[in-house]
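Taking this note's numbering, I'd label the letters of the sequence shown as residues 25 to 212.
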Amino acid sequence: RPVEHVRIATLPGMWERTVTLGSAGKTFSVTGWKIGWAIAPAPVAKAIFMAHQWIPFAVATPLQEAVAIALEVAPSQDYFHWLGDMYCAKRDKLLAGLRDVGLRPTTPDGSYFILFDTSTLDVPVAAGERRDVAVCKWLTRTVGVAAIPPSPFYSPAHQHLTDQIARFTFCKTDDMLDEAVRRLRAAL
């Protein structure tokens, strides 16, 4: 792995000021399992608990048990190293494909999203439409490869910074990544 993850709570003076959130859906690739956890100093954890007790209406207790078991077993199975290695391989596969078709991607160090430069794509943009949104619609509808516009993650004053970028995710099967690159190559 190119960059070692440093947990902010492990830095001097940061444990008392840090809430670490976890997601079973992300950690164990079980999209839809709305199960998460928070790790925090006792006073903060207590406040989180007090607020959270009024939020969920119903929970999936069997899924919570499954996640608890997975969290206990995963370290002994070297799951977290395997997961990182697997995502690095998928990232590298998609990066190579994007470079091969002329899109200039950035290499992410801690995400399963790749931002890429869309400035070479001649895509019609409707009046009042953000360019990144238009590009992503075009890629999805015309090329058959779904991309995600980054502008919704920016404040309105800074959305212009996303005009020439879009993002793909690589948390897909290798066959799906290969097919996406094949479609991009055919269209571009």
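C-beta: ideal position from N, C-alpha, C; glycine also.
Of the residues the options, the one placed nearest residue i, counting alpha carbons only
i	options	result
residue 185	78, 152, 173, 192	173
residue 132	117, 72, 144	117
residue 140	79, 156, 147	156
residue 34	63, 52, 55	63
C-alpha distance - residue i paired with residue j, whole-angstrom precision
i	j	result
residue 95	residue 58	15 Å
residue 67	residue 44	14 Å
residue 114	residue 65	36 Å
residue 109	residue 196	14 Å
residue 119	residue 203	14 Å
residue 194	residue 74	37 Å
residue 51	residue 104	9 Å
Residues that DSSP places opposite residue i in a beta bridge
i	result
residue 191	139, 172
residue 129	140
Beta-carbon proximity of residue i to residue j, cut-off 9 Å
i	j	result
residue 170	residue 160	yes
residue 167	residue 107	no
residue 163	residue 190	yes
residue 125	residue 205	yes
residue 175	residue 188	no
N- and C-terminal bounds of the beta strand (DSSP E) containing residue i
i	result
residue 62	60–63
First and last residue of the uninterrupted alpha helix (DSSP H) at residue i
i	result
residue 119	103–124
residue 49	48–51
residue 70	66–76
residue 206	198–211
residue 93	85–97
C-beta neighbour in chain B for residue i, strict 9 Å
i	result
residue 80	Absent here is chain B; the protein component of the structure consists of one chain.
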